[in-house]
Amino acid sequence: MNISFANVYSQKVEGIHLQIITLESDKPVNFKLKKNTFKLKDSTALFKKLSELKTNWINDGYLSASIDSLVRDSNNYLAYLHIGPLFKWKELSLEDIESEAKKASGINKKDFANNRVKHEIFQSKRNRLIKYYENNGYPFAQIGIESFSTKNNYFKGRLYINKNQKIYFDTIFIKGKVNISNKLIYKYIGIKPGDLFNQRKIDQINSNLNKLPYIEPAKPTEIEFFNKTADIHIYLKKKKSNLFNGIVGFTTNEEENKLKFTGNVKFDLNNSFGIGEHIDLHWENYKDSSQFLSTGIIFPYLFFLPIGVEANFQLDKDLLDYLNVNYSFAILYDIKPGNNIHVYFNQKRSYVIENDLEIESRFDNINNYLFGLSIGIDKTNRIILPRKGFNVQLSTGYGNRWTEQKGNSSMLEAGFFCAYYWKATNNLTFNFKNTSKGMYNDTGFYENEMYKIGGIRSIRGFDEKSLLASSYSIFTFEPRVFISNYSFLSIFTDYIYFEKNEIELTSQNHGISLGSGISIDSKAGIFSLNFAVGKLNDNPFRLSNTKLHFGYSARF
């Protein structure tokens, strides 16, 4: 920047006015300043603004733009601008660049035909080309311009590429005391010995491994280059991934004015056999004489192929009215860590335990089966208590529904889950979540086949599994203030809209709950306490309906 000072001092001046002046004789055709006056805080802001303006003019094709002089009168500054001619590309030859590279980088000969010479655009295209070659075996590729010439403010040249040595991955060293197969690590990182060098995959190694519940990087991955090969050194350490989770709930029985207890226990076992498998067991006592049991197993890479399998079994006994048995089987395909597709089969049977006229109108013996597809995308920064990112899951299934009273009919089921975590500050995270699910057919549904919602794992402030619905949508807003990595204070609100499409009646309801919670991480585990109160439709909030949940989670 060429500046001649007239009565300009080095001290900071508070509150100044800057005016940009261009000489009419120096103005190129069609040049016009978008803004020529500025109010600035001090002289530091003044010089920052002048530097910014000059950079913008150069990036817009005025390569010889400069501030010729700066004159001060009290707190008023006059900056005399020399714009100079507008430079354009006449031609930039791309003959040396392969068509695949041009397509991947988005570079096109038309970008440089009679267009302004914009440094930022050229650098952006060049960097995309470099990345293409880095991700296709050439980590030391160089790109530049040769046969460069200028005439009458028009540039002409040829873009050349020097790929240098083609590199292949040779040995992948897995370092650390971890119980996991090397072949499984290759699947998770998307790299195996013999593959072409790919810088993008290298950059994603640690983030991909961080998504696994049972291992984590001990330090950044290192790359060692040789003549034609590169070795990868991955440093891992075991993560406490097996989980015991217990929750005890307290609520008041309005009819008897007595305190009621609910119980919820969950076990998760991960990678016990070193092949990345996941086993879970979930038991729940959600009301008197009612039990819920769920178990499942996932093998993410069957025989180290890019497909896996999942099997689940659920048993739900509701008082003395009915027994539900549900099992499912799925084939999994991981597109990449965090992104997966499931093709599944699900069968649900419901058996009425007692038969009388009242029960016949509400319950029936049922046999449903569905074939479906689900897609999951996880872009969160960690599995446990994410602080930023998002998670989306979509599912849809279609099949046959048989009931003893109505016979056969078709049935459609769809589900949607979305969670977004916004890290506002180092300690504050805002959680936005929606969970929606619905089943649809022409005849309506019996109570024993509907979804059971309510409680600590769905909409807080309501009794566990106390709301019946054929379709529902739950919205959650929850700010969390983190005290440590896994300790936080929170307030939350849950809103639900749900429908009961029964055999002879359809109803719509909505509910809302308010609450707060605390979670404390310690060497013994994570202790949590949640208060919530909810209401349905136009009913008022009643503090006597407050739900209290104590929780304990331990990882081992």
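My numbering puts the first residue of the sequence shown at 1045, with every later residue one more than the last. Backbone N, C-alpha and C fix where the C-beta goes; we use that ideal spot for every residue, glycine too.
Work out the CA separation of LYS1591 and SER1560 for me, nearest whole Å. Cα to Cα, SER1560 sits roughly 11 Å from LYS1591.
Tell me the rounded alpha-carbon separation between TYR1176 and LYS1227. TYR1176 and LYS1227: Cα-Cα distance of roughly 27 Å.
Do SER1316 and ARG1624 count as a contact pair if the criterion is CB distance below 9 Å? Residue 1624 cannot be examined here, being either before or after the span of the chain that is shown, 1045 to 1600.
Assuming ILE1562 contacts LEU1533 (C-beta within less than 8 Å), just tell me the rounded distance between them. Right, the Cβ-Cβ distance comes to about 5 Å (below 8 Å), so this counts as a contact.
How do the segment 1249-1256 and the segment 1563-1583 stand: do at least 3 beta-carbon pairs fall below 8 Å, yes or no? No, because fewer than three Cβ pairs between the segment 1249-1256 and the segment 1563-1583 fall closer than 8 Å, the two stretches do not touch.
Using a Cβ-Cβ cut-off of 8 Å (strictly less than) and excluding sequence neighbours within five positions of TYR1606, which residues of its own chain qualify? The first residue shown for the chain is 1045 and the last is 1600, placing residue 1606 beyond what the model contains.
Tell me the rounded alpha-carbon separation between VAL1115 and ALA1123. In a straight line, the C-alpha of VAL1115 is about 7 Å away from that of ALA1123.
Nearest residue (CA-CA) to ILE1419, options ASN1475, ASP1104, VAL1436, GLU1398: Per the Cα distances, VAL1436.
For LEU1580, which residues from the same chain have a beta carbon less than 7 Å from its beta carbon, with the 5 sequence-adjacent residues on both sides left out? Sequence-distant partners of LEU1580 (beyond 5 residues in either direction) whose C-beta falls short of 7 Å from its own C-beta, in its chain, are ASN1553, GLY1555.
Residue from GLN1243, GLY1188, SER1191, LYS1195 whose Cα sits closest to the Cα of TYR1212: Out of GLN1243, GLY1188, SER1191, LYS1195, GLN1243 has the C-alpha closest to the C-alpha of TYR1212.
With GLY1105 and LEU1130 assumed to form a contact (beta carbons below 8 Å), what rounded beta-carbon distance in angstroms separates them? Approximately 5 Å separates the beta-carbon atoms of GLY1105 and LEU1130; this is inside 8 Å, confirming the contact.
Could you say if the segment 1372-1388 and the segment 1351-1360 meet the contact criterion of at least three C-beta pairs nearer than 8 Å? The segment 1372-1388 is in contact with the segment 1351-1360.
Alpha carbon to alpha carbon, what distance is there between LEU1337 and ILE1235? When rounded, the separation of the alpha-carbon atoms in ILE1235 and LEU1337 is 39 Å.
Kindly indicate which three-state DSSP category GLU1398 falls into: helix, strand or coil? When DSSP states are grouped into helix, strand and coil, GLU1398 belongs to the coil group.
Could you give the residue range of the beta strand (DSSP E) that holds ALA1568? Segment: none, ALA1568 is in no beta strand (DSSP E) and carries neither H nor E.
Could you tell me the alpha carbon to alpha carbon distance between SER1597 and PHE1311, rounded to whole angstroms? Cα to Cα, the separation comes out at about 10 Å.
DSSP three-state label for ASP1601, please. This structure cannot settle anything about residue 1601, because the visible part of the chain is limited to 1045 through 1600.
Go to GLN1063, then tell me how far its beta strand (DSSP E) extends in each direction, as first and last residue. That run of the beta strand (DSSP E) goes 1060-1066.
With 16 other CB atoms within 10 Å as the buried threshold, where does LEU1173 fall? It is buried - the Cβ of LEU1173 has at least 16 other Cβ atoms within 10 Å.
Count the other C-beta atoms from every protein chain shown that fall within 10 angstroms of the C-beta of ASP1362, then say buried if there are 16 or more, exposed otherwise. Classification of ASP1362: buried, given that the 10 Å Cβ count is 16 or more.
On the DSSP letters alone, give me the boundaries of the alpha helix (DSSP H) that ASP1247 sits inside. Counted as a single uninterrupted DSSP element, the alpha helix (DSSP H) harbouring ASP1247 occupies residues 1243-1254.
Could you check what DSSP says for ALA1109 in three-state terms: helix, strand or coil? Judged by DSSP in its simplified three-state form, ALA1109 adopts coil rather than helix or strand.
By how many angstroms is the C-alpha of PHE1476 removed from the C-alpha of THR1520? Their Cα atoms are separated by approximately 6 Å.
Quick one: what's HIS1326 bridged to in DSSP? Looking at the DSSP assignment, HIS1326 forms a beta bridge with LYS1310, SER1338.
DSSP three-state assignment for TYR1258, whether helix, strand or coil: TYR1258 falls in the coil class under three-state DSSP.
Kindly indicate the opening and closing residues of the beta strand (DSSP E) around SER1534. 1532-1545 is the extent of the beta strand (DSSP E) around SER1534.
Please state whether DSSP places TYR1176 in a helix, a strand or coil. Looking at TYR1176 - three-state DSSP - the assignment turns out to be helix.
For the structure I just gave you, are there three or more beta carbon pairs, one from the segment 1502-1519 and one from the segment 1474-1490, closer than 8 Å? Touching, yes, given that three or more Cβ pairs across the two stretches are closer than 8 Å.
Same chain only: Cβ atoms within 6 Å of ASN1289, ignoring 5 sequence neighbours per side: So the qualifying residues of the chain are LYS1310, SER1597.
Have a look at SER1334, LEU1429, ASN1152, GLU1164 and flag the residue whose alpha-carbon is nearest the alpha-carbon of ILE1570. Of the candidates SER1334, LEU1429, ASN1152, GLU1164, the one whose C-alpha sits nearest the C-alpha of ILE1570 is LEU1429.
By Cβ distance below 7 Å, which residues in the same chain neighbour ASN1223 in space, the five residues on each side in sequence not counted? Excluding its 5 nearest sequence neighbours in each direction, ASN1223 has C-beta neighbours in its own chain below 7 Å: ASN1315, GLY1318, listed in chain order.
Given 8 Å as the limit, is there contact between the segment 1130-1141 and the segment 1152-1160, that is, 3 or more CB pairs closer than that? Because the criterion of three Cβ pairs below 8 Å is met, the segment 1130-1141 and the segment 1152-1160 touch.
Tell me whether ILE1216 is buried or exposed, calling it buried when 16 or more other Cβ atoms sit within 10 Å of its Cβ. Under this definition ILE1216 is a buried residue.
Sort ASP1408, ASN1574, PHE1594 by Cα distance to GLU1546 and report the nearest one. Residue nearest to GLU1546 within the set ASP1408, ASN1574, PHE1594 is ASP1408 (criterion: CA-CA distance).
If I measure Cβ to Cβ from ILE1323 and keep anything under 6 Å in the same chain, skipping five residues before and after, which residues do I get? Contacts found: LEU1313, ILE1341.
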